[in-house]
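Take a look at the structure set out below.
Numbering (the working numbering), first residue to last: 1323 to 1501.
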């Protein structure tokens, strides 16, 4: 029940963040169109095409993409397949491991139970901390008059995963802009 509520809240937050991001793009649509109509952009492109910089950059990006895309697809497929396999056979794997432990099977079973319980509590506590960070960030961004507080609060909560930088990667640039 708790996980259902957490996932529902995360789904609502994602929906609101995406909605705000789309409306932000809609607000700046005219600016983006004007950017592509400006003659300076085409002058810069002409200079780079004739000097060879553009060709080397495009070649570098293309080779990186041709290398990274298959690796990424393979990573996703293997991760998904292994996750399904382990979830499907988790009971059999645990029983086999306990059987191989011999006389230490009871101790190993207790350790596995305690480790699983601790992991569930750890994940729950981190989700609670991220939810608190999100709530306080919405409050701060709303009070300071940021235009899309929910979207930026979501980015702040995701940045909270970083142990050293954390929300400061979002708060510091906003402080510079507001001050």
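Cβ coordinates follow ideal geometry from the N, Cα and C atoms, glycine included.
Q: Using the Cα positions of residue 1462 and residue 1482, report the straight-line distance between them to the nearest angstrom.
A: 15 Å
Q: Look at the alpha carbon of residue 1346 and the alpha carbon of residue 1471, and state the distance between them as a whole number of angstroms.
A: 12 Å
Q | 8 Å contact criterion, which residue 1474 and residue 1468 should meet: CB distance rounded | A | 6 Å
Q: For residue 1489, count neighbouring Cβ atoms within 10 angstroms of its own Cβ and tell me buried if that reaches 16, exposed if not.
A: buried
(Q) Using only the alpha-carbon positions, how far apart do residue 1429 and residue 1464 sit? (A) 52 Å
Q: Could you please give the first and the last residue of the uninterrupted alpha helix (DSSP H) stretch that includes residue 1418?
A: 1412-1423
(Q) For a quick check, are the C-beta atoms of residue 1477 and residue 1492 less than 9 Å apart? (A) yes
Q. Can you tell me where the alpha helix (DSSP H) with residue 1447 in it begins and where it stops?
A. 1427-1465
Q.
Assuming the contact rule is C-beta atoms closer than 8 Å, residue 1434 and residue 1446 should be a hit. Round their C-beta distance to whole Å, please.
A. Actually they do not touch by this definition, with Cβ atoms about 19 Å apart.
Q | Pair within 9 Å by beta-carbon distance, residue 1335 and residue 1496 | A | no
**Q.** Boundaries of the alpha helix (DSSP H) in which residue 1471 is found, first to last residue
**A.** 1471-1481
**Q.** Cα-Cα separation between residue 1411 and residue 1381, rounded to whole angstroms
**A.** 45 Å
Q: May I ask you to report which of helix, strand or coil DSSP gives residue 1336?
A: helix
Q.
Can you tell me whether residue 1339 is buried or exposed? The criterion is at least 16 other CB atoms within 10 Å of its CB, across all chains shown.
A. buried
Q: Determine, using beta carbons only, whether residue 1431 and residue 1420 come nearer to each other than 9 Å.
A: yes
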